[in-house]
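**Student:** Below you'll find the structure I mean.
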Amino acid sequence: MAETYDILILGAGPAGISAALTAKARGRTTAILSADPLNTPLAKAPRIENYPGVAAMNGRQLLAALLSSAIEQGVEIRTGRVTSAAALGGKFMVGQEQEIYEAKSLVLCLGSQQGTKPFPGEMEYLGKGVSWCATCDGMLYRGKRVAVLGLGSGAERDAAFLKSIGCDVTYLAAAQAKDVEIKGAETVTALRCDGEEHAVDGVFVLRDTVAADGLLPGLRMEEGHIAVGADMDTSIPGVYAAGDCTGRPYQIARAVGQGNVAALAADRYVKERET
Ligand SMILES: Cc1cc2nc3c(=O)[nH]c(=O)nc-3n(C[C@H](O)[C@H](O)[C@H](O)COP(=O)(O)OP(=O)(O)OC[C@H]3O[C@@H](n4cnc5c(N)ncnc54)[C@H](O)[C@@H]3O)c2cc1C
């Protein structure tokens, strides 16, 4: 296993980049784990005019500028979907694709939680036929029938991967699906999607993001967002959150400010445990 990071940041949007820069400035070991940082909702913004210090530009240009400031400061950015996190013996273990990372504190900067509401049956059968990660769990379904619910950017590529390792794959581009239910007994037996029923042994639900409380069980949510205090502290000691995942208004300046506050609080948390 790699080193234990002081502050591990999940999500490379404005909040995560701001948190990483502050963590670095405080001399903390840090890294950002994120899905493709240039494939986020902000990248589609046609024009940003209310972010101070930069001329009006589109979202992709602003993201590129933010990312290069992080890279310039030596922030490590590891690309891939994070699908699990857990508190273990005073530390945190975070699963990204097939890698596991260890950290003393976490800052969650996962973006708005829109589109993460689980389907009926999804949480019930998670780990019993439902998976959020093709590369992590694909081998368990070799020679079996699986459905891939494509809800995010890498889903088609993941379906091709599952096929390549010998799964019998039904791919459903499900972003517009209105009626989805995962059915089973002890484990998954079928998937219903817009009136059609598919007999399957497994269902890969592949979104770009994962509901924060599904990612980190025990995290308190409030009206679909992570509940935070004034220091961006969450219900789990050592875990902080910033940006759109903590609520409205969804704005870059707010995300950047909260990322800074969250990293300063994470720094204090780590320091208190050092002395
Ligand atoms: C079309 C559009 C126009 C906008 N225009 C403006 C504007 O003009 N001015 C303004 O202030 N705001 C604007 N916004 C809002 C702004 O984009 C957000 O407020 C801001 O991006 C929030 O930053 P964030 O870091 O909290 O989240 P995000 O920018 O959403 O970043 C979240 C990051 O986390 C990653 N992530 C999430 N889940 C996982 C996971 N499970 N594993 C790995 N990575 C994960 C994502 O891939 C992403 O990189 C606009 C938004 C949109 C969609």
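Take any residue in the sequence shown, count from 1 to its spot, add 908: that is its number in this note's numbering. Ideal placement from N, C-alpha and C gives every residue a C-beta, glycine not left out.
(1) Would the stretch 914-933 count as touching the stretch 961-969 if we require 3 or more Cβ pairs under 8 Å?
(2) Taking DSSP as the reference, what is the three-state secondary structure of Phe1027?
(3) Pop quiz: Gly1167 and Gly1151 are said to be a contact at Cβ under 8 Å. What is the actual Cβ separation, rounded to whole angstroms?
(4) Give every residue of the same chain whose Cβ lies closer than 6 Å to the Cβ of Ile940, excluding the five residues on either side of it in the sequence, and list them in chain order.
(5) Hey, which unbroken runs of the alpha helix (DSSP H) at 4 residues or more fall wholly within the stretch 1026-1112?
(6) Using 7 Å as the cut-off, classify the Cβ of Arg1050 as near or not near the heavy atoms of ligand 1, replying yes or no.
(7) Would a C-beta distance cut-off of 8 Å place Gly1037 and Gly1122 closer than the cut-off?
(8) Taking only three categories from DSSP, how would you classify Gln1021?
(9) Using only the heavy atoms of ligand 1, determine whether one of them is closer than 7 Å to the beta carbon of Gln1159.
(10) For Ser1039, count neighbouring C-beta atoms within 10 Å of its own C-beta (all shown protein chains included) and say buried if the count is 16 or more, exposed if not.
(11) Under 7 Å Cβ to Cβ from Gly1060, same chain only, skipping five residues before and after it: list those, please.
(12) Confirm, please, whether the CB-CB distance from Val1096 to Val1108 is below 8 Å.
(13) Under 8 Å between the Cβ atoms of Ala1174 and Val983?
(14) Exposed or buried, what is Ile1073 when buried is set at 16 or more other beta-carbons lying within 10 Å of its beta-carbon?
(15) Applying the 10 Å Cβ sphere with the 16-neighbour rule, what's the burial state of Ser922?
(16) For Ala994 and Leu1034, what's the separation of their Cα atoms in angstroms?
(17) Going by C-alpha distance, which of Gly1019, Ser926 and Lys999 is nearest Ala951?
**Tutor:** Let's see:
(1) no
(2) coil
(3) 6 Å
(4) Ile917, Ala920, Gly924, Ala928 and Ile985
(5) 1042-1045 and 1063-1072
(6) no
(7) no
(8) coil
(9) yes
(10) buried
(11) Leu1114, Arg1115 and Asp1116
(12) yes
(13) no
(14) exposed
(15) The amino acid at residue 922 is misidentified as Ser; the sequence shows Pro. Buried: at least 16 other Cβ atoms inside 10 Å.
(16) 16 Å
(17) Gly1019
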